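Going by numbering that gives the first Met the number 0, the letters in the sequence shown line up with residues 0 to 603, in that order.
Just so it is clear, CB atoms sit at the ideal spot from N, CA and C, and this is done for glycine as well.
This structure is a prediction, so every number in the text was calculated from the model and none was measured.
Inspection log for the structure reproduced underneath, given as structure tokens.
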Amino acid sequence: MQKIILLGIFVVINYGAFSQKTKEIKGTSEAITFRFNPEPGLPPNLKSELTFFETDGDNCLNAGESAEIRLKIINEGKGPAYKVKVYVKDNIGDSTLTIEDGIELPCIFPRQVVNVRVPISASEKVKSTERKLIVSVTEKNNYNMDNAEIIFETVELKKPKLFFAGAEIIENINIHTIIKDDGKIQKGEAVETKITIQNIGETISKETKFLIASKDKNLSLGFYNTDRKIEMVKMEPVEGIIGDIDVNKTMSFSVIVSPNKIIQQDSLLPLYLSLFNSNGHGGCENIQIPLALDMSPPSIQTKKIKPQKKKKEIIISNPDKITEIKKAKLDEVNIVPDYQFKRNSHSLAIVIGIEKYKHIPIAPYATKDAEIISEYFKKALGIETVLTFTDNQIDKTFFRDKFNSVNGDIKGLIRPGETDLFVFYSGHGIPPPDGDEVFLFPPQGKIKHLSTHGYGISILCSELNALGAKSVTLFMDACFSGSSRTSKQHKETYLLGSKGAEIKSNNIMQGWEDNEDFIVFSSSRFNQLSFGYDLAEKGMFTHFICAGLKGAADLNPKDNKITTGELADYLLEKVTDTARKEIDGAEQTPRFHGKRDVVLLKLK
Numbered sequence: 000m001q002k003i004i005l006l007g008i009f010v011v012i013n014y015g016a017f018s019q020k021t022k023e024i025k026g027t028s029e030a031i032t033f034r035f036n037p038e039p040g041l042p043p044n045l046k047s048e049l050t051f052f053e054t055d056g057d058n059c060l061n062a063g064e065s066a067e068i069r070l071k072i073i074n075e076g077k078g079p080a081y082k083v084k085v086y087v088k089d090n091i092g093d094s095t096l097t098i099e100d101g102i103e104l105p106c107i108f109p110r111q112v113v114n115v116r117v118p119i120s121a122s123e124k125v126k127s128t129e130r131k132l133i134v135s136v137t138e139k140n141n142y143n144m145d146n147a148e149i150i151f152e153t154v155e156l157k158k159p160k161l162f163f164a165g166a167e168i169i170e171n172i173n174i175h176t177i178i179k180d181d182g183k184i185q186k187g188e189a190v191e192t193k194i195t196i197q198n199i200g201e202t203i204s205k206e207t208k209f210l211i212a213s214k215d216k217n218l219s220l221g222f223y224n225t226d227r228k229i230e231m232v233k234m235e236p237v238e239g240i241i242g243d244i245d246v247n248k249t250m251s252f253s254v255i256v257s258p259n260k261i262i263q264q265d266s267l268l269p270l271y272l273s274l275f276n277s278n279g280h281g282g283c284e285n286i287q288i289p290l291a292l293d294m295s296p297p298s299i300q301t302k303k304i305k306p307q308k309k310k311k312e313i314i315i316s317n318p319d320k321i322t323e324i325k326k327a328k329l330d331e332v333n334i335v336p337d338y339q340f341k342r343n344s345h346s347l348a349i350v351i352g353i354e355k356y357k358h359i360p361i362a363p364y365a366t367k368d369a370e371i372i373s374e375y376f377k378k379a380l381g382i383e384t385v386l387t388f389t390d391n392q393i394d395k396t397f398f399r400d401k402f403n404s405v406n407g408d409i410k411g412l413i414r415p416g417e418t419d420l421f422v423f424y425s426g427h428g429i430p431p432p433d434g435d436e437v438f439l440f441p442p443q444g445k446i447k448h449l450s451t452h453g454y455g456i457s458i459l460c461s462e463l464n465a466l467g468a469k470s471v472t473l474f475m476d477a478c479f480s481g482s483s484r485t486s487k488q489h490k491e492t493y494l495l496g497s498k499g500a501e502i503k504s505n506n507i508m509q510g511w512e513d514n515e516d517f518i519v520f521s522s523s524r525f526n527q528l529s530f531g532y533d534l535a536e537k538g539m540f541t542h543f544i545c546a547g548l549k550g551a552a553d554l555n556p557k558d559n560k561i562t563t564g565e566l567a568d569y570l571l572e573k574v575t576d577t578a579r580k581e582i583d584g585a586e587q588t589p590r591f592h593g594k595r596d597v598v599l600l601k602l603k
């Protein structure tokens, strides 16, 4: 790793009325002698002006970049300031940010101006996050300057990022062994599989290589030799060179895939892709390719690259607790109002929050979502019975056991035609490779058993509809695009190992179509991410559900009632705007279905 070496701290002193000359001091390499009486007399009055200067002008400190805090200290008092020291403290305090502070100035006379430069450098391991530096200037007799803050962002090392974009089965009767010419793989065939990958990172993937491996002796691989003839291998990987892949570009390569007649397969073929490059970043290892027997491969779906970040304002101020105030305001939704709103005596809510998964990444803040929503359901919405389930309380058969309309656990809690039923889910929503369904997923579930371990949303809606409740209101804070919930602190992960799976229909949940009393609030469109809100420590959608129910959604008309339509409009505005501001222009658009005039609660 390249190391940045800073040569010192520079101080420029303007002696004001005492001298018209300036003197440059470089670190400790040059000694300057001051003769003065360090006893307190008339006090100094230290003021400062701050600027933050970084080399490439994008208002961020990028990995491997250096910067300076340029501090102009002015003594506006009647007496000298003795042994003035400059300190800069980082709110994170890790080794990826180096600050060369701690300079001491023997004396600053009245009307004297001192220019101090504090070098800062970010290592190549620095992470993308918001940084806050506290600048302190102290004086021997405690005539200290008020602290100042500098808030800016560090940006992690730009890297390539390679992902599987799709596949195509090519069947040529003159070259391959074909049993059925249908664009699918059958047992006993040997066909060409064309793999397409895309670089969605921030820099070129150099000297990119691939490796395709089979983990089953009944699945053989092959490749084309220089004479365009097929050579087959068994239990050996096929590898090759792709070359440089520019940002946003796709490239393809081919392998021969041949399952024999006795291969056993429950879902996907045991075929795994690894990608490498000379960058040392952005590749992948042993990603299962979503190919199955007698099924069309996932279509090629490239990902749109987000535009470069716009310049962000660097905030320089006295310590007015900007972040703390913002967080305190967000935390107001955690104080749940008790509106004494009485719903019918047979109302029921099922609240589910799954954050910790055994085989896939976490869904950040999902358990906190469930906990806070449970309180709002009880106190604000006046629901009589609220059953809450999180993480290890949920097993692989949980959804079927609870929601089966014939013999499920909640069947006996429903009074047909009388019960208002509410369901809230926060966690992962995962589509299969063909993108024709979305599955809610239990903590112990395995992706390769998605259709059996998961629980289809269309099935959930059908079962809820069949329970015969007076009304059904469903809230879902989940990402349906095949990616994990992301935020500033939690990066996006493809739960299927690829972006090849994507929902193809925006009307997948059809269980409510014949029931006008079936209401659905969904956190995003099927092709979008649903974001976590780090500062609020909740899902962004869940946070604004709470804020809306606390009273913020009572807008049109403002009548101390919150209807389903008012909450839907509030969520659409707040979630959409906040996602764009907090996640750099990202899109999250909540969806709503149902009657708009249903009163959810009445305010005091």
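Secondary structure at VAL574: helix, using DSSP grouped into helix, strand and coil.
Taking 8 Å as the cut-off, the Cβ atoms of TYR364 and VAL335 do not count as close. Taken through DSSP and simplified to helix, strand or coil, ALA362 comes out as coil. For ASN464, there is no enclosing beta strand (DSSP E); the enclosing alpha helix (DSSP H) covers residues 456 to 465. Given a length threshold of 3 residues, each whole run of the beta strand (DSSP E) inside the region 157 to 235 is given here in chain order: 161 to 169, 190 to 198, 204 to 213, 218 to 223, 229 to 232.
Distance from the Cα of LYS447 is smallest, within the candidate group PRO430, ILE456, ASP435, for PRO430. The continuous stretches of alpha helix (DSSP H) do not include ALA552, and DSSP gives it neither H nor E. ALA212 and GLU436 have their alpha carbons spaced roughly 29 Å apart. The C-beta of LEU466 has 16 or more other C-beta atoms within 10 Å across all chains shown, which makes the residue buried.
When rounded, the separation of the alpha-carbon atoms in ASN198 and PRO297 is 18 Å.
Within the same chain, and ignoring the five residues on either side of HIS592 in sequence, the residues whose Cβ sits closer than 6 Å to its Cβ are VAL519. In chain order, ASP419, ASP516 place their CB closer than 6 Å to the CB of SER470, counting only its own chain and leaving out the 5 sequence neighbours on each side. When secondary structure is reduced to three states using DSSP, ILE446 falls in the helix class.
Judged by DSSP secondary structure, HIS345 falls outside any alpha helix (DSSP H); it is assigned neither H nor E. Between ILE262 and MET250, the C-beta spacing is not below 8 Å. With contact defined as three or more Cβ pairs closer than 8 Å, the region 145 to 160 and the region 266 to 283 are in contact.
Fully contained in the region 58 to 135 are the following beta strand (DSSP E) runs of length 3 or more, in chain order: 59 to 61, 65 to 74, 80 to 89, 96 to 98, 102 to 107, 112 to 121.
The way I'd put it, the region 121 to 136 does touch the region 54 to 70; three or more beta-carbon pairs between them come closer than 8 Å. Taking C-alpha positions only, SER461 is separated from GLY531 by approximately 29 Å. For the 8 Å CB-CB criterion, CYS545 and VAL332 form a contact.
For ARG399, the uninterrupted alpha helix (DSSP H) segment begins and ends at 397 to 402. Under the three-state reduction of DSSP, THR50 is assigned to strand.
Under the three-state reduction of DSSP, ASN276 is assigned to coil, being neither helix nor strand. Under the three-state reduction of DSSP output, ILE429 falls in the strand class.
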